[in-house]
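With the numbering used here applied, the sequence shown covers 1180 to 1473.
Yeah, the Cβ is synthetic: ideal placement off N, Cα and C, and Gly gets one too.
As structure tokens, the structure follows; a few thoughts come after it.
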Amino acid sequence: MKLELISLRKRFAGGGDIGPIDLFVADGTCAALVGPSGSGKTTVLRLIAGLESADEGKVMIGDEDVTTEASSKRRVTLMFQRPLLFPHLSAVQNVMLAMKTKDREKALRLLDRVGLSRRTDSYASELSGGEQQRVSLARALADEPGLLLLDEPFASLDLPRRRELQILIRELTEEEKITTLLVTHDRGDAMAMAEHVYVLEDGKVIEQGNPVELSLTSRFFGDGIEIGGEWVPLQELSLVLRPTKGEAERVMITKELRERGMSFFEVVRETGERVILHATVPFSKNDEAFLERR
């Protein structure tokens, strides 16, 4: 089911108002809502799920206006940063809690799909953090949602487990054609999961677009540094062995990085600040170089 927010607003007596927000997630696709802590991301999820009431605007799920509907009638499932499992129940019992029919066989099939066929009878307290999030995912799918809302679900996981869960969620939601909205402050999560990104700041969407394109242009979502008060994206920077304009800044290379087929260097400026720069020419680790605008 598609999701659409139309001029959605939420006001708070102490400030921190949300909106107006216009957002669209096509049926069966994944979008990401990205922003710093305090920008209002989780509040937007709660408005969609019906856990908060909007002051203005509409929440459309499918072709239905659910703005005033109870959360239980919205076919929306929230998956949180923490799994929120009952520690005294087994993995399969936790999954069955989300089912109206309490179908143990179905719960076992879901746990098998998330790679936990050997841990079905283990208590939640006996599972690792990554395993607990997999149980949480199986429980979310057991509810057969039309819309899946993910609230920082990877934040507590190490990098290998984070990547495994990202791939697993994408595979399962695409198979089931479940519309998904991911809330995160981490650009890497959005790049791995989403087809479209909305950047939220102070309760308002300030940018939106394809995640790859935004990574090259967005001050918040992209990579860049400030030079003379101006934000410059990494693709407009290079390291050169000599100053060309008489105003270049001397830096020391400390580490070489490679990502997405490109070379980057961690450098230390004369002020002691460390920055990451895209390099277009080869350097050895201890070379001195200069930073300039292309």
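A straight-line Cα-Cα distance of about 5 Å links SER1304 and PRO1266. Residue state for PRO1412 is assigned as strand, using DSSP reduced to three classes. ALA1249 sits exposed, since fewer than 16 C-beta atoms from the chains shown fall within 10 Å of its C-beta. Ranked by Cα distance from LEU1360, the options GLY1194, ARG1188, CYS1209 are led by CYS1209. In this structure, LEU1336 sits away from LYS1220, with a CB-CB distance that is not shorter than 8 Å. In its chain, beyond the 5 residues on either side, LEU1413 have a beta carbon closer than 6 Å to the beta carbon of ASP1402.
With respect to LEU1182, ILE1200 sits apart: the two C-beta atoms are not nearer than 8 Å. With the rule of 3 Cβ pairs closer than 8 Å, the segment 1282-1290 does not count as touching the segment 1243-1258.
Taken through DSSP and simplified to helix, strand or coil, GLN1387 comes out as strand. Your pair ASP1330 and LEU1184 does not check out as a contact, with CB atoms roughly 16 Å apart and the cut at 8 Å.
Shown here, GLY1229 sits in coil according to DSSP, grouped into three states, outside any helix or strand.
The C-beta distance from ASP1291 to VAL1271 rounds to 11 Å, too long to fall under 8 Å, and the pair is not in contact.
Judged by pairs of C-beta atoms under 8 Å, the segment 1304-1321 touches the segment 1250-1263, as three or more such pairs exist. Look at LYS1181 here: in three-state DSSP terms it is coil, with no helix or strand label.
If only uninterrupted beta strand (DSSP E) runs of at least 3 residues are considered, those enclosed by the segment 1317-1396 are 1326-1330, 1358-1363, 1375-1380, 1383-1388. If you draw a straight line from the Cα of GLY1294 to the Cα of LEU1263, it is about 19 Å long. Under DSSP, THR1256 forms a beta bridge with LEU1327. In the three-state scheme derived from DSSP, where H, G and I count as helix and E and B as strand, GLY1308 is classed as helix. Non-local beta-carbon contacts of LEU1276 in its own chain, meaning distances under 8 Å to residues more than five positions away in sequence, involve PHE1265, LEU1268, ARG1318 in chain order.
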